Amino acid sequence: MATKNAISSRERSERVAPNAAAIPPVAERRRKPLKITDGMIWVLIVVATLWVFFPFYWAITTSFKEHLAIVSQPGFIPWLQFRPTLLNWEREFVNRGPEIMSGLTNSGIIAIGAMIIACALGTLAGYGLARFRFHRWQNKDVTLWFLSQRFLPPMVTVIPFFLVMKFLRLLDNPIALIIANATFTMPFAVLIMRDAFKELPIELEESALVDGCSHFSAFWRIALPLAAPAIAAAAIISFAFSWNEFLFALILTYERARPMSVIIAGVEHTQGIQFEFVATRLLVAILPPALLALTVQRWIVRGLTFGAVKG
Amino acid sequence: MDKRVVTLVGLIALLSTMWFGGAAPTHQAGPVRATAAPTILGFPAATELEAKTAQAAFNAADKGKPDPAWKGKKFTIAVYSAGQRGAISGPLYFWRNKFTELTGATYDIVEIPFAELREKIYSDFTTSAYKYDVIINCSNWYGDAIANDWIQPIDKYFNEPRMPKWDRASIAPAVANLMKWGEHWYGTNNDHDAQVLYYRRDILSDPKWQAQFKQEMGRDMPVAMDTWEDVLEIAKFFNRKDWNGDGKPDNGISLHLKVGGQGFFHFMALSAPYVVTPYLGQPPTKVTKYHNVYWFDPETMEPLINSPGHVRALETLIALSKAGSPAMWGWSLGEAWADFLSGKSVLVFSWGDVGSLAEDPTQSKIAGKLGARGIPGTKQPYDLEKKQFLNLSKPNMVGNQVGCSWHPVLSKFAKNPDLAYYFMAWQATPPINHWNVYMGWTGVDPGTTYDWFPPAGKATIDEYVAGGYKADDAKSFIGAFTDNFYRYPIFQNYIRIPGTPEMMEVWDVHLSEAVTGQVSPKEALDRTYQDWQKIIDNIGRAKLLKLYQQSIGYTK
Amino acid sequence: MKAMAHKERIKFFFVIPGILWVLIFTIFPLLYSLRLSFFQARLGQDQTFIGMGNFQGAFSDYRFWNSLSITVFFVVVSVSLTVLLGLGLALLFNRPRRGLRFFRSSFVLPIFTAPIALGYLGLTIFHEDVGAVNVALRMLGVVNPPGWFHQVWAARLAITLVDVWQWTSFCFLVLLAGLQNLPEELYEAAQLDTSSGWGIFRHITLPLLAPVLFTVTILRLVETLKVLDIPFSMTSGGPGAATQTYSFYVYLVGLRNFNAGYASALAYILLLIMLFISSFFFNRLRAIYD
């Protein structure tokens, strides 16, 4: 069985090979010495894919299970193992529609607000760090300082942050969370943009400067449009991290400004955890960041590693 | 120039579309909601019957004389998050239209996730935000609320002609005490929490199982289950046997023991008869240094929590936890109840919710098979005075009111206090409160004379049957609560001094450590003792001692 | 000359806004926390200065040590598993394959799932009777699958596995990018010297990939040290305190029980630990951003 598989998939890969123009020849060479058959690889790929998709599949099926069925009978396959029901989705949107809607709106406002601030300030700082020399500060130390914000445990700042927001009368206001999340995601934006601008050829800007352009308009007219894909990556990462942030959202909001992550935590109440709504809310909440992430692939890796790894 | 603007605008537009794209399903919620949540007789009711009985309750309830000045006013109620048809928060939504009909005013409902309820309310007060006018609170919160002066007494409204009259005498005294602090009333009647023991009436009364029990154990099945020792034996007997006929072994008892899953309430109810002993003079309920105490020594504030009685109770709980699904060590309420309601365990002890959920066909497969009794006792309680276990011929029975008994209190900083109190009193009137009780989904548990059957009360089986109960289930379920509140000679103290929630939290952790076998029962309770000592010193021993003595009615 | 001076000035225009923003919103909280950590500060009570009392208290607090050791376990297991699995997957996918783009795209999904929701979902996946994991294990012939929520080590593993699931794809994507950036010539040269795949991996791929592995490990380490959402929603720190990670313990102390002084001290200890750890790789990181 295994041999047959291996042969058939080798045939397939041979058929594929001419089409795949982008393959570096070295890859072919690298494969041989490893002596892993193609069949095995396909099996592993299938396993890996199952590994990634299974929780989503589980969430989807759970969202169609009856309350009692979720904790009292095993079920992977609808109709065969359990009777699917639309009741959960119905209840979620009929009874809690306004709440979910307001959670999504708040999450959207917070994530987009934080994203705009982080990207705006981050792009400026990234450009500054890429194009100028800060002698006394040392560019790399400023860069590291931005990165180190990511090392700061949020637990250290959450209590004082709460008190500051209380003082500013910003509790239960999306602005408080926009500020918090912009601060947390700023390192991503700064480091991604620094990296992106470093890669752009400096000649274009220099010739613009010679032509009488100011530094700012050289940045604004020439560098910025060229760095658009990197900005998109920075934007998406800061959007997604702000969207999913939980601790500050929990502490800083009460009612009006509650984002989706806190609404998700609302599934737990005195009669236990409502597993069916965990599933529906997880699925609703993942849509916006996931759709965004799928649109911009190229810079995601570089973004998530703060520009340390080119991808 | 153009390119840059296009890029930026395009990016923002893309993100916004994505965001609204993600939110798209909820956009449909608006119209769907408008059509799918029709009102019957002004109620957002699920069935005609529900609306009709509610309307009858509305008509029967005292309405006082609503002040015309209230028209157009508004106040805010904070409640834990369970939704429009959820426990405790559901009735607030259900009755809102009618409240507007009566007063021309309305209220906002703020739902707070359960895990966050206390934190949010505390920080609301400590930061002087005062967003909430009425708080549906857990009774163990009073210590902090009184010590910090956050809530106001409501006695002044009792004789006001504007306000609806509610019947304070009808409330079971154990629960009524939770709405008071000292001489003053702070809360109005709503929910009444206590744990009782539920069992499968059909299985325990089955002669086949009784015969087999006798054969295996050499004695009659102790179906009365007067002591925990009997319960344990029955649980062990049924555990791992296929008594529900599905071809798979089933469970004896179902418990919720997960950290954060309110497992400590289980232990509270179970351990009371092992520790709380009656005063030997008159009345038996008199609180002395050694009698009718459970939490602390009323003279020194030293925790009693690691007394040999507590330890033995914990050993019993651990033995019980082995007579059911091993998974239950990780269960919170929902899973534990589901195990019983889906017909997989013979026994469960928990709040009144189980009794009403059992009748809900979407949540239960055991309607018509439900039995219940008050929390069992033990024949070997620990005597704190003699420092030894007693050997009684009749079990020591101790009633409980464990849980939160969720009920509204009025914030000291309420913006329309009169209007807010009007709402509280109106919800507390017997017809409306009783309707909330016998409707299972409301999560409001029974605890007044109009919930009980004669002779203790004046409810009828028909009312419960109209609420969807099977007659025999209701008889047994309500009977168990009546026993608990009226027939038990003594009661466990309710703990509600400042710092209570923190003490419960560490206790919860240590109980779980013991139940999952990480430490011995003695060690777990010793740890609790040490942590509590720390908390007491941290908050101030003298201050707590005074409040504790007040809250349990101890005088030298 | 004038242009130079202008350039000197304008460079600050670019970096100062970002620096100011971060300073304003982190320095004040950091200083305030530091102050709080020397006080006994509880909700609704006067604050009293107690010097190092909170820090001393932490060292005699077994829950502090408990949460610290759990966090160490979590960090070690999660970081090594994600990096190893990610490396394995990256090697697996580092070859021409139809649909590679699809896999790469879809593998981003876990990273963008809300961890708080994953924790709750984990309760059903790891449910002892009917959860997917144990049902699968039983099918594979395991008679007594682990009790994920009542056995100490199983529970620790369960929260770790959720985190591993979420971040394996991150490691995979990064390491795959790293592999694809490796210069091809070296492989060609190596081909002549050795013949075994393992030899190439061990002597060529791994050393070349080391900087990327380093980066991935550091980034994972920093994030796992802060873990809160998953134990918060999945286990509430149970059974007992077996999954009470450090951040969760600080949360309980400071935000559930309002013992702000002690919580600040605990948080500062975590910050010091972070600083201590980062001091080891500070120079290498500095080199990356040179």
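Those protein sequences? They're chains A, B and C, same order as listed. Under our numbering, read the first sequence as residues 11 to 321, first letter to last. Under our numbering, read the second sequence as residues 628 to 1183, first letter to last. Under our numbering, read the third sequence as residues 34 to 323, first letter to last. Ideal Cβ positions, reconstructed from N, Cα and C, are used throughout, including at glycine. Since this is a predicted model, take the numbers as computed values, not measurements.
{"query": "Which residues share a DSSP beta bridge with B/D1202?", "result": "As shown, chain B starts at 628 and ends at 1183. That puts residue 1202 of chain B outside it, with no answer to give."}
{"query": "List, in chain order, every chain A residue whose beta-carbon is nearer than 8 Å to that of C/W54.", "result": "I127, L131, A192, T193 and M196"}
{"query": "Check whether the Cβ atoms of B/G1180 and B/V920 sit closer than 7 Å, and answer yes or no.", "result": "no"}
{"query": "Apply the 10 Å Cβ neighbour rule to C/V116 and answer buried if 16 or more other Cβ atoms are within range, or exposed otherwise.", "result": "buried"}
{"query": "Going by DSSP, name the residue or residues bridged to A/V278.", "result": "The identity of residue 278 of chain A in the sequence shown is Glu, whereas the question assumes Val. Answer is A/I283."}
{"query": "With a CB to CB cut of under 7 Å and the five nearest residues on each side skipped, what residues in its chain are close to A/M125?", "result": "A245, S248, F249 and S252"}
{"query": "Alpha carbon to alpha carbon, how far is B/A851 from B/F891?", "result": "25 Å"}
{"query": "Looking at B/D966: is its Cβ nearer than 7 Å to the Cβ of B/S881?", "result": "yes"}
{"query": "Pick out whichever of B/N1060, B/G1001, B/Y1048 and B/Y906 has its Cα sitting closest to the Cα of B/A1193.", "result": "As displayed, chain B neither begins before 628 nor continues past 1183, which places residue 1193 of chain B out of reach and without an answer."}
{"query": "Mind pulling the chain B residues with CB within less than 8 Å of C/E161?", "result": "S952, P953, A954 and G957"}
{"query": "Using a Cβ cut-off of 7 Å (strictly closer), state whether C/N290 contacts chain B.", "result": "yes"}
{"query": "Could you tell me whether any non-hydrogen atom of the ligand FMN is closer than 6 Å to the CB of B/P1148?", "result": "Looking for the ligand FMN in the displayed structure turns up nothing, as the structure carries no ligands at all."}
{"query": "At a CB-CB cut-off below 8 Å, which residues of chain A make contact with B/W964?", "result": "Q281 and G282"}
{"query": "For B/N753, which residues from the same chain have a beta carbon less than 7 Å from its beta carbon, with the 5 sequence-adjacent residues on both sides left out?", "result": "Per the sequence shown, residue 753 of chain B should be read as Thr rather than Asn. No residues qualify anywhere along the chain."}
{"query": "At 8 Å on the CB atoms, spell out the chain A contacts of B/Q711, in chain order.", "result": "N105 and R106"}
{"query": "Pull the bridge partners of B/G814 from the DSSP assignment, please.", "result": "B/V1036"}
{"query": "Whose Cβ in chain A lies nearer than 7 Å to the Cβ of C/G271?", "result": "In chain order: nothing, as chain A lies at least about 14 Å away."}
{"query": "With a CB to CB cut of under 8 Å and the five nearest residues on each side skipped, what residues in its chain are close to B/Q655?", "result": "In this prediction, B/Q655 scores a pLDDT of 30, lower than 50, which makes its location untrustworthy; the coordinate-derived value is nonetheless stated afterwards. Closer than 8 Å at the Cβ level, and outside the excluded window around B/Q655, lies no residue."}
{"query": "With a threshold of 7 Å between beta-carbons, can A/V319 be considered close to chain C, or not?", "result": "yes"}
{"query": "Do you know offhand how far A/V81's Cα is from A/I283's?", "result": "11 Å"}
{"query": "Taking the C-alpha atoms as reference points, what is the distance between C/I49 and A/G317?", "result": "21 Å"}
{"query": "Whole angstroms are fine: how far does the CA of B/V1029 sit from the CA of B/S1178?", "result": "15 Å"}
{"query": "Examine chain B for any beta-carbon lying closer than 7 Å to the beta-carbon of C/H183, and answer yes or no.", "result": "yes"}
{"query": "With a threshold of 7 Å between beta-carbons, can A/K176 be considered close to chain B, or not?", "result": "yes"}
{"query": "Which word fits C/M85, buried or exposed, when buried means at least 16 other C-beta atoms lie within 10 angstroms of its C-beta?", "result": "exposed"}
{"query": "With H, G and I counted as helix, E and B as strand and the rest as coil, what does DSSP make of A/I296?", "result": "helix"}
{"query": "Expressed to the nearest angstrom, what Euclidean distance is found between the alpha-carbon atoms of C/A147 and A/G276?", "result": "14 Å"}
{"query": "Give the list of continuous alpha helix (DSSP H) stretches no shorter than 4 residues that lie fully inside the region 1027 to 1090 of chain B.", "result": "1044 to 1055 and 1057 to 1065"}
{"query": "Suppose the cutoff is 7 Å on Cβ atoms and the five residues either side in sequence are ignored; what does the same chain contact list for B/I778 look like?", "result": "A772, Y813, V1036, L1037, S1038 and K1039"}
{"query": "How big is the Cα-Cα spacing for B/D1099 and A/V56?", "result": "55 Å"}
{"query": "Is it right to say C/Q73 is buried, meaning 16 or more other beta carbons lie within 10 angstroms of its own, or is it exposed?", "result": "buried"}
{"query": "What are the boundary residues of the alpha helix (DSSP H) that includes C/I306?", "result": "A293 to I321"}
{"query": "Using a Cβ-Cβ cutoff of less than 6 Å, which residues in the same chain neighbour A/P299 once the five nearest sequence positions on both sides are dropped?", "result": "A250 and W253"}
{"query": "Would you say B/F961 faces chain A, with C-beta separation under 7 Å as the test?", "result": "This sequence places Gly at residue 961 of chain B; Phe is not what is there. For B/G961, the answer is yes, since a Cβ of chain A falls inside 7 Å of its Cβ."}
{"query": "Identify the contact partners of B/T733 in chain A, using a Cβ-Cβ distance below 9 Å as the criterion.", "result": "None at all; the shortest Cβ gap to chain A is about 16 Å."}
{"query": "Output, in chain order, the set of chain A residues within a Cβ distance shorter than 7 Å of B/A756.", "result": "L181"}
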